[in-house]
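Single-structure report; data block below.
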Amino acid sequence: MEADIARLRRMIESARRAVVFTGAGISTESGIPDFRSPGGIWTRQAPIDFGDFLASEDARRESWRRRFATDPVLRAARPNRGHVAVAQMIRAGIATAVITQNIDGLHQASGVPAAQVIELHGNTTYATCLDCAARAEIDVLRAAFEATGRAPRCERCGGLVKTATISFGQAMPAEAMARADAATRAADLFLAIGSSLVVYPAAGFPRLAARAGAALVILNREPTELDPLADLVLHREIGATLGAAVGVQ
Ligand code: NAD
Ligand code: ZN
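With our numbering applied, the sequence shown corresponds to residues -19 to 229, in that order.
Below you can see the structure in the form of structure tokens.
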């Protein structure tokens, strides 16, 4: 085993309250593209701001058109070796929580109890009404969209329905932020995995962890702005690296 991976392994083995923080990079090996890699989603299309979603039926239709277009990829995606390694750390009691920027539900699918997954940017595998918070299922919404050509509305109250994600310009989920803050402050080891660490406030958590005394590890193919703060930086592929460090296939 190479020296940096062996070091990661020792850090994981001696941790008691590790926190795993993940970004889109942990899901690329499951076939879901990230945003900022070359060829990533944002090199092709600009994100739709929450204000535009509220203000414009065209923006809502475009937002839903994109969501339905990515549906086959999301449905086919299965947890990869990186997700499995994270789930093993939770199962072994080494990690207390997974703080994720991802909206794909793959940590839950890999066996991490939902109560231990803190979703900072929500979840795209279902939708909610922006007025009454009623939940709606993507399949049902797609059928309505295809039949009417209009952005879906809430069956209960007529309000705007949106994937249960946090868009740019939308308030962060207060409870998730508070839980992430508490887990980070209590952490003895903080693993930032597969994130470019440029989206705030999410990227504030690795900073906070380092300040609060946790050992900080950054595992990402490309350098990040926070590399200088880290105790260990691995510019490696996630599945193979974490799989070897945790000892899962
Ligand atoms: P990002 O796209 O900004 O950064 C991903 C990072 O992961 C990149 O630096 C890239 O070099 C690295 N990476 C990709 N595949 C890797 C691999 N196999 N091994 C090692 N490194 C790898 O992602 P982000 O920081 O999460 O921010 C993007 C935002 O977009 C997030 O807020 C998230 O909500 C959303 N997003 C989510 C998903 C998802 O749920 N799977 C996918 C795309 C975007
Ligand atoms: Zn409603």
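Even for Gly, the Cβ is constructed at its ideal location relative to N, Cα and C. Everything numeric in this text was worked out from a predicted model, so none of it was measured.
query: What residues does the ligand ZN have around it, judged by CB closer than 6 Å to any heavy atom, in chain order?
result: Taking a cut-off of 6 Å from the heavy atoms of the ligand ZN, the residues with a C-beta inside it are Cys109, Asp111, Cys112, Ala114, Cys134, Arg136, Cys137 and Gly139.
Identity of the residues DSSP links to Asn103 by a beta bridge: Stepping through the sequence shown from its first residue, residue 103 is reached at position 123. By DSSP's assignment, Asn103 forms a beta bridge with Ala144.
- prompt: From Glu(-18), Arg(-3) and Ala(-17), pick the residue whose C-alpha is nearest to that of Leu196; which is it?
  reply: Along the sequence shown, one-based indexing puts residue 196 at 216. The shortest C-alpha separation from Leu196 is found at Arg(-3).
- prompt: Count the other CB atoms within 10 Å of the CB of Gln81; is the residue buried (16 or more) or exposed (fewer)?
  reply: As a position in the sequence shown, residue 81 is number 101, starting the count at 1. Label assigned to Gln81: buried.
Cα-Cα separation between Arg47 and Leu100, rounded to whole angstroms: Sequence index remark: in the sequence shown, residue 47 carries index 67 (1-based). Sequence index remark: in the sequence shown, residue 100 carries index 120 (1-based). Taking the straight line joining both Cα atoms gives about 19 Å.
Range of the contiguous alpha helix (DSSP H) that encloses Val53: Along the sequence shown, read from residue 1 onward, the residue named residue 53 stands at position 73. Its alpha helix (DSSP H) spans residues Asp51 to Ala56.
Residue burial classification, Gln68 (beta-carbon count within 10 angstroms, cutoff 16): Counting from one through the sequence shown, the residue named residue 68 turns up at place 88. Under this definition Gln68 is a buried residue.
- prompt: Looking at C-alpha atoms only, which residue of Gln150, Pro93, Gly85 and Thr76 is the closest neighbour of Thr105?
  reply: The count along the sequence shown starts at 1 and reaches residue 105 at position 125. The residue with the shortest Cα to Cα distance from Thr105 is Gly85.
query: Excluding sequence positions up to five away, which residues of its chain have a Cβ less than 6 Å from the Cβ of Gly219?
result: Residue mapping note: residue 219 aligns to position 239 of the sequence shown, counting from 1. Closer than 6 Å at Cβ, skipping near neighbours: Glu9, Asn60, Arg61 and Gly62.
message: I'd like to know if the segment 198 to 216 and the segment 129 to 147 are in contact, where contact means that at least 3 CB-CB pairs between them fall below 8 Å.
response: no
field: Distance CB(Thr204)-CB(Leu171) smaller than 8 Å
entry: Locating residue 204 in the sequence shown gives position 224, counting from the first residue. Locating residue 171 in the sequence shown gives position 191, counting from the first residue. Cβ atoms of Thr204 and Leu171: not closer than 8 Å.
- prompt: Sorry if obvious, but does the Cβ on Ser147 come closer than 7 Å to a heavy atom of the ligand NAD?
  reply: Taking the sequence shown and counting its residues from 1, one reaches residue 147 at position 167. False, no ligand heavy atom lies under 7 Å from that Cβ.
query: Does DSSP put Arg216 in a helix, in a strand, or in coil?
result: As a position in the sequence shown, residue 216 is number 236, starting the count at 1. In this structure, Arg216 counts as coil in the three-state DSSP scheme.
query: Would the C-beta of Ile218 count as close to the ligand NAD, meaning under 7 Å from any of its heavy atoms?
result: Sequence index remark: in the sequence shown, residue 218 carries index 238 (1-based). Yes - the ligand NAD has a heavy atom lying nearer than 7 Å to the Cβ of Ile218.
message: With a threshold of 7 Å (Cβ to nearest heavy atom), would His87 be considered close to the ligand NAD?
response: Counting from 1 along the sequence shown, the entry for residue 87 is found at position 107. Not under cutoff, so the answer is no.
query: Who are the near neighbours of Ala(-5) in its chain, counting only those whose CB is closer than 6 Å to its CB and skipping five residues on each side?
result: Stepping through the sequence shown from its first residue, residue -5 is reached at position 15. Answer for Ala(-5): Ile74, Asp168 and Leu169, listed in chain order.
task: Rank Pro208, Pro181, Asn200 and Gly193 by C-alpha distance to the C-alpha of Ala158 and give the top, closest one.
output: As a working mapping, residue 158 is identified with position 178 in the sequence shown. The residue with the shortest Cα to Cα distance from Ala158 is Pro181.
query: Excluding sequence positions up to five away, which residues of its chain have a Cβ less than 7 Å from the Cβ of Thr143?
result: Taking the sequence shown and counting its residues from 1, the one referred to as residue 143 is at position 163. Taken in chain order, the residues that qualify are Arg47, Thr104 and Ala107.
query: Excluding the five sequence neighbours on either side, which residues of its own chain have a C-beta within less than 7 Å of the C-beta of Ala160, listed in chain order?
result: On the sequence shown, position 180 is the one that residue 160 refers to. Counting only Cβ-Cβ distances below 7 Å, and skipping sequence neighbours, we find Ile79, Ile98, Leu100 and Phe185.
query: Hey, would you say Val66 sits closer than 8 Å to His87, going by beta carbons?
result: Numbered from its first residue, the sequence shown carries residue 66 at position 86. Numbered from its first residue, the sequence shown carries residue 87 at position 107. Closer than 8 Å, so yes.
field: Helix, strand or coil at Leu121 [DSSP, three-state]
entry: Within the sequence shown, numbered from 1, the residue matching residue 121 stands at position 141. Note: Leu121 maps to helix in three-state DSSP.
- prompt: So who's on the other strand from Arg115, going by DSSP bridges?
  reply: Counting from 1 along the sequence shown, the entry for residue 115 is found at position 135. Looking at the DSSP assignment, Arg115 forms a beta bridge with Thr108.
- prompt: What is the rounded straight-line gap between the Cα of Ala124 and the Cα of Glu135?
  reply: Locating residue 124 in the sequence shown gives position 144, counting from the first residue. Locating residue 135 in the sequence shown gives position 155, counting from the first residue. If I take the Cα positions, the gap works out to 11 Å.
message: Whole angstroms are fine: how far does the CA of Thr50 sit from the CA of Ala39?
response: As a working note, residue 39 is residue 59 in the sequence shown. As a working note, residue 50 is residue 70 in the sequence shown. One C-alpha to the other measures close to 17 Å.
C-beta contact flag for Phe33 and Ser175 at 8 Å: Locating residue 33 in the sequence shown gives position 53, counting from the first residue. Locating residue 175 in the sequence shown gives position 195, counting from the first residue. Their beta carbons are not under 8 Å apart, which means Phe33 does not touch Ser175 by this criterion.
query: Heavy atom of the ligand NAD less than 7 Å from the Cβ of Asp14, yes or no?
result: As a working mapping, residue 14 is identified with position 34 in the sequence shown. For the ligand NAD, at least one heavy atom lies less than 7 Å from the Cβ of Asp14.
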